[in-house]
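Accompanying notes for the structure given below.
Residue numbers (the working numbering), protein chains in the order written: chain A, 1 to 187; chain B, 1001 to 1262.
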């Protein structure tokens, strides 16, 4: 009976957070300043890697169609994989962490992790751009180099903003979620 | 003793730094290559312009010299029949065509002026006697055409490095107005621009100066007379086009208006 009530609640929570993520994604903001990575990481952290991967994939799938920057097209699978990795990392981090507090070192640790995951995400999506260059006939080495190089200014913005977002928001959100009844019920 | 955990996160931080640094170096390198190519293209363009200008100056000077010699002969000519100078004039006209073929092909109104001049020359050549006034007239027309062609060709060199931004409205006089904001090469006339953005029919008036063109239709609309105005910013008013549209050089940020008056 308990198992039956868990899944719908998890799905509902994922739905609400996905809607929240998409609302943020669609709102006017500087390029590459986003909160989806944080939410995906948090869901992975709170409910395990599978949920994190599903959440990240789903959000990026929907975002690929409705993003104000246009249809993601060929890059969408790479965005999905990149965000799924963030969700996976959230689950793995929870396992690795065992117990956690809210000391300054944890904030710093999560900020570094956020930066690292952002770099991974950008590498994956930039590789997607490189593949699209290759398809139109660019030499593979040049395509990868061009995509990574011209993605760097955006990556810098992305990394800096995610260092701030992860470093500042991760523990307060975790704390808040732990206090939400629905999460407590989920165990 | 440093914790293993600290080392792991330190390694991750270094990895992030290394990735960004590598990407930045690659970005800088590619941008350097791109700027280098742009500079090379500009340099090539400047070299081309310098080469073309040199050619332009040479042929202009040669034609000017030939023209000056003929004018000298004309002025010091003793007698009443100038037909003996017609051969030299014909050669001058032929040299003009040979040196400015591409410019004549590019500007149909100038080509028409040339053809009219050629026709006038052939008519006079067929006559047994040519008066001083008749020869003086075609000599003047030659000089006007020659200087116009030289200016057009010079403008063509400048086109490659500079453009003007202009607005052109076409008011059909039936509540329909079309507006265009376009970039155009320096030296473009209102006629050139109008031909570029619309389907234009025109009549050529040899006696009208400066400019010989009157538009008879724009985009096949012929229900009236087409006149043009320019916007005078200082006076804040539309000013009726004072010359033929083919003699009016567009200025940057200029606003022009074609209106069909019934």
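Ideal Cβ positions, reconstructed from N, Cα and C, are used throughout, including at glycine.
Problem - Contact with chain B by residue 150 of chain A, beta-carbon distance below 8 Å - result: yes
Practice task
Please confirm if residue 1036 of chain B has its CB atom under 8 Å from at least one CB of chain A.
Solution key: no
Problem - Touch test, the segment 1005 to 1020 of chain B against the segment 127 to 143 of chain A, Cβ-Cβ under 8 Å, three pairs minimum - result: no
Practice task
Taking only the alpha-carbon atoms, compute the straight-line gap between residue 59 of chain A and residue 36 of chain A and give it to the nearest angstrom.
Solution key: Approximately 8 Å, taken between the alpha carbons.
Exercise for the section: Give the secondary structure of residue 1209 of chain B by DSSP, where H, G and I count as helix, E and B as strand, and everything else as coil. Expected result: In the structure shown, residue 1209 of chain B sits in coil (DSSP, three-state: anything other than H, G, I, E or B).
Handout entry: Counterpart residues of residue 1183 of chain B in DSSP-defined beta bridges
Key = B:1165
Handout entry: Status (buried if at least 16 other CB within 10 Å, exposed otherwise) for residue 50 of chain A
Key = exposed
Handout entry: Partner residues on chain A for residue 1007 of chain B, Cβ-Cβ distance less than 8 Å
Key = The contacting residues do not exist; residue 1007 of chain B stays about 12 Å from chain A at best.
Exercise for the section: State buried or exposed for residue 1142 of chain B, treating a residue as buried only when at least 16 other CB atoms are found within 10 Å of its CB. Expected result: Counting the other CB atoms within 10 Å of its CB gives residue 1142 of chain B a total of 16 or more, which places it among the buried residues.
Handout entry: Cβ neighbour criterion (16 or more within 10 Å) applied to residue 79 of chain A
Key = buried
Problem - With 16 other Cβ atoms within 10 Å as the buried cut-off, status of residue 1200 of chain B - result: buried
Practice task
Consider the Cβ of residue 3 of chain A: report whether some Cβ of chain B lies at a distance smaller than 8 Å.
Solution key: Unreliable positioning characterises residue 3 of chain A in this predicted model, as indicated by a pLDDT of 38, which lies under 50. The coordinate reading is nonetheless provided below. So, not an interface residue.
Exercise for the section: Pick out whichever of A:44, A:113, A:52 has its Cα sitting closest to the Cα of residue 1007 of chain B. Expected result: The shortest C-alpha separation from residue 1007 of chain B is found at A:113.
Handout entry: residue 1111 of chain B to residue 1079 of chain B span [Cα, whole Å]
Key = Rounded to the nearest angstrom, the two C-alpha atoms are 33 Å apart.
Practice task
Kindly list, in the order they appear in chain A, the residues whose Cβ is closer than 8 Å to that of residue 1020 of chain B.
Solution key: 119, 152, 155, 156, 159
Practice task
Could you round the C-beta distance between residue 1211 of chain B and residue 1229 of chain B to whole angstroms and report it? I think they count as a contact, below 8 Å.
Solution key: At roughly 15 Å, the Cβ-Cβ gap does not stay under 8 Å, so residue 1211 of chain B and residue 1229 of chain B are not in contact.
Problem - Cutoff 8 Å: residue 131 of chain A Cβ touching any chain B Cβ - result: No, its Cβ sits nowhere closer than 8 Å to a Cβ of chain B.
Practice task
Specify whether the segment 112 to 132 of chain A and the segment 81 to 92 of chain A touch according to this definition: at least 3 beta carbon pairs, one from each stretch, less than 8 Å apart.
Solution key: yes
Practice task
For the beta strand (DSSP E) holding residue 1259 of chain B, just list the boundary residues, first then last.
Solution key: Here the beta strand (DSSP E) through residue 1259 of chain B covers 1255 to 1261.
Handout entry: Straight-line Cα distance separating residue 153 of chain A from residue 126 of chain A
Key = Spanning the two alpha carbons is a distance of roughly 12 Å.
Handout entry: Backbone CA spacing between residue 187 of chain A and residue 46 of chain A [nearest angstrom]
Key = Per-residue confidence for residue 187 of chain A stands at a pLDDT of 48, beneath the threshold of 50, marking its modelled position as unreliable; the derived number appears in the next sentence. If you take the alpha carbons of residue 187 of chain A and residue 46 of chain A, they lie about 10 Å apart.
Handout entry: Amino acids of chain B, ordered along the chain, whose beta-carbon sits closer than 7 Å to that of residue 116 of chain A
Key = Within chain B, the C-beta atoms nearer than 7 Å to that of residue 116 of chain A come from 1012, 1015, 1016, in chain order.
Exercise for the section: For residue 1140 of chain B, count neighbouring C-beta atoms within 10 Å of its own C-beta (all shown protein chains included) and say buried if the count is 16 or more, exposed if not. Expected result: exposed
Practice task
Tell me, please, which residues DSSP counts as bridged to residue 1201 of chain B.
Solution key: Per DSSP, B:1217.
Practice task
Determine whether the Cβ of residue 190 of chain A lies closer than 8 Å to any Cβ atom of chain B.
Solution key: This structure gives no information on residue 190 of chain A, because the portion of chain A shown stretches from 1 to 187.
Practice task
Determine the burial state of residue 75 of chain A: buried for a count of at least 16 other Cβ atoms within 10 Å of its Cβ, exposed for fewer.
Solution key: buried
Practice task
Using the Cα positions of residue 1260 of chain B and residue 1172 of chain B, report the straight-line distance between them to the nearest angstrom.
Solution key: Note on geometry: alpha-carbon atoms of residue 1260 of chain B and residue 1172 of chain B lie some 5 Å from one another.
Practice task
Compute the distance between the beta-carbons of residue 1117 of chain B and residue 1093 of chain B, then report whether it is under 8 Å.
Solution key: yes
Exercise for the section: Would you give the residue range spanned by the alpha helix (DSSP H) that residue 1025 of chain B belongs to? Expected result: 1004 to 1075
Handout entry: Boundaries (first-last residue) of the alpha helix (DSSP H) holding residue 1227 of chain B
Key = Following the DSSP letters along the chain, one finds residue 1227 of chain B in no alpha helix (DSSP H) but inside the beta strand (DSSP E) bounded by residues 1225 to 1232.
Exercise for the section: Answer yes or no: does any C-beta atom of chain B fall closer than 8 Å to that of residue 113 of chain A? Expected result: yes
Handout entry: Backbone secondary structure at residue 1237 of chain B - three-state DSSP
Key = strand
Problem - alpha helix (DSSP H) segment containing residue 1092 of chain B, residue limits - result: 1086 to 1099
Practice task
Would you identify the three-state DSSP class for residue 1171 of chain B, choosing helix, strand or coil?
Solution key: strand
Exercise for the section: Determine which residues share a DSSP beta bridge with residue 1177 of chain B and list them. Expected result: B:1171
Practice task
Show which residues of chain B have a CB atom less than 8 Å away from the CB atom of residue 145 of chain A.
Solution key: 1026, 1030
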